[in-house]
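Here's the structure, in structure tokens; my notes come after.
Residue numbers (the numbering used here), protein chains in the order written: chain A, 1 to 361; chain B, 362 to 722.
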């Protein structure tokens, strides 16, 4: 992704591994400060996933893979039994960070599979290679989704997106924003309505930041205003990412996605979900089988930003001690989804068999 | 409304007149500080309306009436000609405070009508009486809506509301929250889902504060989460207020109301609008004839609250210079509305003739 640093534009990935260290763009500090954070062992990387230094399905999956690679390096001098126990333990730690994103579980599984055979030394090599492959697969899938999705974007298109399924949510390009990037790169005029995406405001903080870096025109709106612009005919399509897609095409994604999908359908606005193979979970029959994470109510009652003195500040919005609830995701039934933009092509309804056919191993 | 002050619960109105002084709960400081502000003449009261010391259709109308009463007292020793000139001038000042609030214009008009006949002394008396009547009408209408709306609320009901159409927006009781108050007073168990209502958060700041004072169980949610709870079957009804109702039953209300209505319909959740006669505008044929105010983008990009040091602070959420749009209201088509809770009874569809019949002068 493009990052403007001191007037110079650099190309960076969202996260990467340098030997035993994992480095990440610290997304908790964006858009106000651009910092690269370093994590020296798998526990630190797991904590970074939990603390949302990186977030987004793909990025979390890649970080999980790199954390497994770190674990393998940490245990490289252990006995075979010790190594395997250490890897199983690390897998447990990493699995315990974020319950909803399936990429994380896939990544951990792929790395565990990679260390089932051979000497400890061979197993370490295999895990490192697998972790790199996870990141490479992520990158290639994002690029392909961009090419395929860009065909849906006509010149002058006004796209609405929710949350951040951009480069920052993956290694680069992203899912929902990848078609926008590619269309823009093809010289098409594209405008992006950016839902701010309460409570954590990944839209106004991250998606708007990405659009600003890429020079793509956009406007942040409160989540409440998406329907207003749809009803006025000022939204030509909605594209969102996904945290998990069930076998029947139901989608778990950031809280509010469901509302946008229902209102889009009521207004005849096409609603696309961009998601790579990793996000499709054929073992989950329907959306109702997906566990929804409920996060701290403080994400609703407090918000951080830059105060007038230029410093970070967290402020309390309602009265002290107010009661709040904070489901982090919701489920959008397949009937609201016009199509899935995947690296294997566009999938149109009816979904059930097509999803299973496309992604059966 | 109930207000807990130093552990003691007092019954107060949102605003009232004491001789030549108008007193108001200072809503700019809620929910973090509770203060009563005093305004010694009609110009000070007009400035208070403009500065949003009070807000909400009914409260603004009552404050305008009291400001006219203050003007009458200020001019009570003038000649008849001098008195009338002073009153016309005061009317002009008060009309210039909030150009969009229809209740304010109605109130000023009623007070001007009340001083057309008799001696100066009689005219002063008439204006004072009319200003009191405006407040009394507001109070009676709110109470009636509470009684009528409470019949729709079964024991154990979970009500979702958007923005603040509570006691603070009127003299007492409110519109959308009045049925909740009355049902709670009848001993029914009621739970309120409070949409925070971005961008100004009148839900999390004011509605939650009212529920806290009344001891009614509630939870603040981000606007994005309303659909989630509806789909899970955890919302039994939605009740909102209105800024203006067109003759055909289309409703202009706080941005986001439209989305909630569409999602409520998709889930079979009844969607009620509570509004007094004053809010129905028979001269506006449909919702599309209502002009929608677009407010400053800074309401989207910045937010205020209490910082960790206990002081008021305003923070910037997205990157500096980010682009944003901020429509303040939206229009909900009549087809999404299950019924109108009014002081004249419950109005059910089809609306057009029934609204005109009920409110024709």
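Cβ atoms here follow ideal geometry from the backbone N, Cα and C, with glycine treated the same way. If you're wondering where the values come from, they're calculated on a predicted model, not measured in any experiment.
Beta-carbon gap between residue i and residue j smaller than 8 angstroms
i	j	result
residue 607(B)	residue 646(B)	yes
residue 183(A)	residue 174(A)	no
residue 196(A)	residue 661(B)	yes
residue 76(A)	residue 124(A)	yes
residue 631(B)	residue 703(B)	no
residue 551(B)	residue 520(B)	yes
residue 163(A)	residue 213(A)	no
residue 420(B)	residue 403(B)	no
residue 466(B)	residue 456(B)	yes
residue 287(A)	residue 619(B)	no
residue 313(A)	residue 255(A)	no
residue 100(A)	residue 292(A)	yes
residue 277(A)	residue 170(A)	no
residue 423(B)	residue 373(B)	no
residue 622(B)	residue 697(B)	yes
residue 692(B)	residue 611(B)	yes
residue 46(A)	residue 93(A)	yes
residue 405(B)	residue 385(B)	no
residue 463(B)	residue 605(B)	yes
C-beta neighbour in chain B for residue i, strict 8 angstroms
i	result
residue 318(A)	yes
residue 17(A)	no
residue 205(A)	yes
residue 227(A)	yes
residue 284(A)	no
residue 31(A)	yes
residue 305(A)	yes
residue 322(A)	yes
residue 246(A)	no
residue 196(A)	yes
CB contact below 8 angstroms: residue i versus chain A
i	result
residue 688(B)	yes
residue 370(B)	no
residue 562(B)	yes
residue 545(B)	no
residue 458(B)	no
residue 657(B)	no
residue 617(B)	yes
residue 674(B)	yes
residue 581(B)	yes
residue 669(B)	yes
residue 569(B)	yes
Residue i - DSSP class collapsed to helix/strand/coil
i	result
residue 170(A)	coil
residue 50(A)	helix
residue 163(A)	coil
residue 498(B)	helix
residue 633(B)	strand
residue 642(B)	strand
residue 538(B)	helix
residue 376(B)	strand
residue 382(B)	strand
residue 490(B)	helix
residue 117(A)	coil
residue 355(A)	helix
residue 9(A)	strand
residue 360(A)	coil
Residue closest to residue i, alpha-carbon to alpha-carbon, out of the options
i	options	result
residue 511(B)	480(B), 548(B), 498(B)	548(B)
residue 434(B)	609(B), 564(B), 472(B), 413(B)	472(B)
residue 538(B)	659(B), 603(B), 392(B)	603(B)
residue 500(B)	570(B), 515(B), 529(B)	529(B)
residue 431(B)	447(B), 442(B), 588(B)	447(B)
residue 392(B)	627(B), 566(B), 582(B), 598(B)	566(B)
residue 568(B)	322(A), 224(A), 273(A), 232(A)	322(A)
residue 54(A)	93(A), 97(A), 89(A)	97(A)
residue 522(B)	679(B), 411(B), 590(B), 664(B)	590(B)
residue 221(A)	147(A), 215(A), 237(A), 198(A)	198(A)
residue 546(B)	514(B), 570(B), 496(B)	514(B)
Any non-hydrogen atom of the ligand NAD within 7 angstroms of residue i CB
i	result
residue 69(A)	This structure simply doesn't include the ligand NAD, nor any ligand for that matter.
Interface flag, residue i vs chain E, CB-CB below 8 angstroms
i	result
residue 585(B)	The question asks about chain E, but that chain is absent: this structure's protein chains are A and B.
Checklist line | Unbroken stretches of the beta strand (DSSP E), 3 residues or longer, contained in the region 209-255 of chain A | finding: 218-221, 237-240, 244-246, 251-254
Checklist line | beta strand (DSSP E) segments (min. 3 residues) lying fully within the region 290-348 of chain A | finding: 302-307, 312-316, 329-332, 339-342, 345-347
Check: Which whole runs of the alpha helix (DSSP H) in the region 388-472 of chain B are 4 residues long or more, in chain order?
Finding: 403-411, 418-435, 441-456
Notebook entry, point to check: Considering only residues of the region 179-209 of chain A, which uninterrupted beta strand (DSSP E) runs meet the minimum length of 3 residues and lie entirely inside it, listed in chain order?
Noted result: 190-195
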